[in-house]
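S.K.: According to numbering that gives the first Met the number 0, the sequence shown is numbered sequentially starting from 0.
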Amino acid sequence: MAQFISIHPKNPQQRLIVQVAEILQQGGIIVYPTDTTYGLGCGISNRKGVERIMRIKQMANSHQLSILVSDLSDIANYARVDNATYRLLKRFLPGPYTFILEATREVPKSILPKRKTIGLRIPDHPLCLALLRACGEPLLSTSMRFAGETEIMSDPDLIHSRTDHLVDLVIDAGPLPASPSTVVDLTGPAPVVLRVGAGDPDVFV
Numbered sequence: 000m001a002q003f004i005s006i007h008p009k010n011p012q013q014r015l016i017v018q019v020a021e022i023l024q025q026g027g028i029i030v031y032p033t034d035t036t037y038g039l040g041c042g043i044s045n046r047k048g049v050e051r052i053m054r055i056k057q058m059a060n061s062h063q064l065s066i067l068v069s070d071l072s073d074i075a076n077y078a079r080v081d082n083a084t085y086r087l088l089k090r091f092l093p094g095p096y097t098f099i100l101e102a103t104r105e106v107p108k109s110i111l112p113k114r115k116t117i118g119l120r121i122p123d124h125p126l127c128l129a130l131l132r133a134c135g136e137p138l139l140s141t142s143m144r145f146a147g148e149t150e151i152m153s154d155p156d157l158i159h160s161r162t163d164h165l166v167d168l169v170i171d172a173g174p175l176p177a178s179p180s181t182v183v184d185l186t187g188p189a190p191v192v193l194r195v196g197a198g199d200p201d202v203f204v
């Protein structure tokens, strides 16, 4: 059965953050809040955890996955970023955007589709950022929505009841909006909006 822990979204209790980080470091998968929706994730080095998440979400191996990092300085470790791209990222992150970039060799092959790209986010959410720093590595990020369903779950009590035997821990940080991040592909000559979400897409038109 999944643990269910309430953590303050703006002033997260450090002892609880450490507790969650230990679960992640021991190979657990969790449901956690971001600045857009609740996410389902694990540490990116947790290959078995990645496989569990892909089974839960019924994802194909070719599915484009995303990771969360805590700081812009981390992005260059996991994606190839030139000066112009870095300036663009600095303008919009932290924030409700996921940027698709060419992955570096630091990204585990288990989370890369054949085209070797990765989605990268820096969430504007104190709890999530504290967890990323405590965990010590990026987190895999996918919205809390089951295959065949259109709505992203935003109520932590409902999420806990639906995932009780599927995940190791659910963080209750209160209800969240059900709008995911806006996804922007930066692998071509100009930004391309792939999904309209919480971030304003018109700035890339």
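Backbone N, C-alpha and C define an ideal beta-carbon position, used for all residues, glycine too.
Hey, how far is the Cα of N60 from the Cα of P11?
M.R.: Residue 60 sits at position 61 when you count from the first residue of the sequence shown. Residue 11 sits at position 12 when you count from the first residue of the sequence shown. About 35 angstroms.
S.K.: Could you give the distance in angstroms between the alpha-carbon of P125 and the alpha-carbon of T116?
M.R.: Taking the sequence shown and counting its residues from 1, one reaches residue 125 at position 126. Taking the sequence shown and counting its residues from 1, one reaches residue 116 at position 117. Answer to the nearest angstrom: the Cα atoms are 27 angstroms apart.
S.K.: Can you give, in chain order, each stretch of the alpha helix (DSSP H) that sits fully within the region 12 to 40 and has at least 4 residues?
M.R.: 13 to 24
S.K.: Rounded to whole angstroms, how far is the Cβ of T36 from the Cβ of S160, which I believe are closer than 8 angstroms?
M.R.: Numbered from its first residue, the sequence shown carries residue 36 at position 37. Numbered from its first residue, the sequence shown carries residue 160 at position 161. Incorrect: roughly 17 angstroms between the Cβ atoms, too far for contact.
S.K.: With a 10 Å radius around its C-beta and 16 neighbouring C-beta atoms as the bar for buried, classify P174 as buried or exposed.
M.R.: Taking the first residue of the sequence shown as 1, we reach residue 174 at position 175. Result: exposed.
S.K.: Taking the straight line between their C-alpha atoms, what separation do you get for G147 and M53?
M.R.: Taking the first residue of the sequence shown as 1, we reach residue 147 at position 148. Taking the first residue of the sequence shown as 1, we reach residue 53 at position 54. About 14 angstroms.
S.K.: Tell me, please, which residues DSSP counts as bridged to R194.
M.R.: As a working mapping, residue 194 is identified with position 195 in the sequence shown. In DSSP, R194 forms a bridge with V182.
S.K.: Quick check: S65 and R120, are their CB atoms within less than 8 angstroms of each other?
M.R.: As a position in the sequence shown, residue 65 is number 66, starting the count at 1. As a position in the sequence shown, residue 120 is number 121, starting the count at 1. Cβ atoms of S65 and R120: closer than 8 angstroms.
S.K.: Give the list of continuous beta strand (DSSP E) stretches no shorter than 3 residues that lie fully inside the region 49 to 137.
M.R.: 65 to 67, 96 to 101 and 116 to 120, all fully within the region 49 to 137.
S.K.: Terminal residues of the continuous alpha helix (DSSP H) containing D199?
M.R.: Translated into the one-based positions of the sequence shown, residue 199 becomes position 200. Per DSSP, D199 belongs to no alpha helix (DSSP H) and is neither H nor E.
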